[in-house]
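Going by this note's numbering, the first residue of the sequence shown is number 6, and it counts up by one from there.
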Amino acid sequence: MNKHFDSLLQPGEKILWVGKPEKSKLLQGVGATGIVKRWIICGSIALALTLLYVTLCYVKRDSTTFSWMVLVFTLVIPMLAAWSPVTDLSRINMFLEYAITNERVLVRTNDDAYLIMPRKQIDSVKVREVAEGTAMIYLGSPIFSLPDKILRYTAVHGMTEEKDTKKIVRGLVLYNLRDAAIISALFTEQNTIVSAVSA
């Protein structure tokens, strides 16, 4: 696993811990109810738009009014929104890897993309216990108030902002890890506030 991070290390930087998320199931753990709600809402929107469009075409009774492209569009957009939790979880299970060094936290999000957060920017760490002895680790107080429904998205994309044409990472979620005590101890050593909560 270190091979993905060795090329990113700066002079004097040392890897203290590496790991990856435990495998997760789509409708298991934090945020599962939000996914079901999203599917219901997106399905309802797709059905309503389709019925509305077909009804309008029937009322006008004009053969040029009906368009398969419009009908497909009214179905595809809500379905893409419903599908995004599936793609986020797939990336978590297949690609996410973490490294904590003496200077930074490195997150590999796919083959050639990384999120990098300097440890000096991490003012607080929250360890959130979840099912089966695993935990979510929130790095940086700006990320503490995130709703569960975007937790997996944030695990993949981080909390970022653009500053002077650069992407600055303001917070990270280390997703579904078993080594929570070891990881939190690394931050306790640098006088960062570490707190623990249950799911």
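Don't be surprised by glycine CBs; every beta carbon is placed ideally from N, CA and C.
Out of the options, which one is the CA nearest neighbour of residue i?
i             : options                : result
isoleucine 20 : Ile105, Phe78, Val64   : Ile105
glycine 176   : Glu167, Thr159, Gly17  : Thr159
methionine 99 : Glu108, Arg113, Gly17  : Arg113
leucine 14    : Asn107, Leu144, Ile148 : Asn107
tyrosine 89   : Arg183, Asp169, Arg43  : What sits at residue 89 in the sequence shown is serine, not tyrosine. When each option's Cα is compared against that of serine 89, the closest is Arg43.
tyrosine 119  : Ile155, Thr165, Ile45  : Thr165
lysine 171    : Ala190, Ile121, Ile45  : Ile121
From residue i to residue j, what does the alpha carbon distance come to, in whole angstroms?
i                 : j             : result
aspartate 116     : histidine 9   : 9 Å
phenylalanine 192 : serine 146    : 14 Å
arginine 109      : glycine 48    : 42 Å
valine 77         : glutamate 27  : 37 Å
threonine 60      : isoleucine 97 : 42 Å
glutamate 18      : alanine 140   : 26 Å
serine 150        : aspartate 11  : 33 Å
alanine 53        : valine 64     : 16 Å
proline 16        : glycine 163   : 25 Å
Could you pull out every residue in the same chain whose Cβ sits closer than 6 Å to the Cβ of residue i, ignoring the five residues on either side in sequence?
i              : result
leucine 80     : Ala51
glutamate 167  : none
aspartate 93   : Arg157, Tyr158, Val161
tryptophan 22  : Ile105
tyrosine 103   : Gly24, Val112, Leu179
asparagine 181 : Pro26, Glu27, Ser29, Thr139
I need the DSSP call for residue i, collapsed to helix, strand or coil.
i              : result
asparagine 181 : strand
isoleucine 127 : coil
asparagine 115 : strand
leucine 80     : helix
valine 135     : coil
Go through its chain and collect everything with a Cβ distance to residue i's Cβ below 7 Å, but skip five positions before and after it.
i          : result
leucine 56 : none
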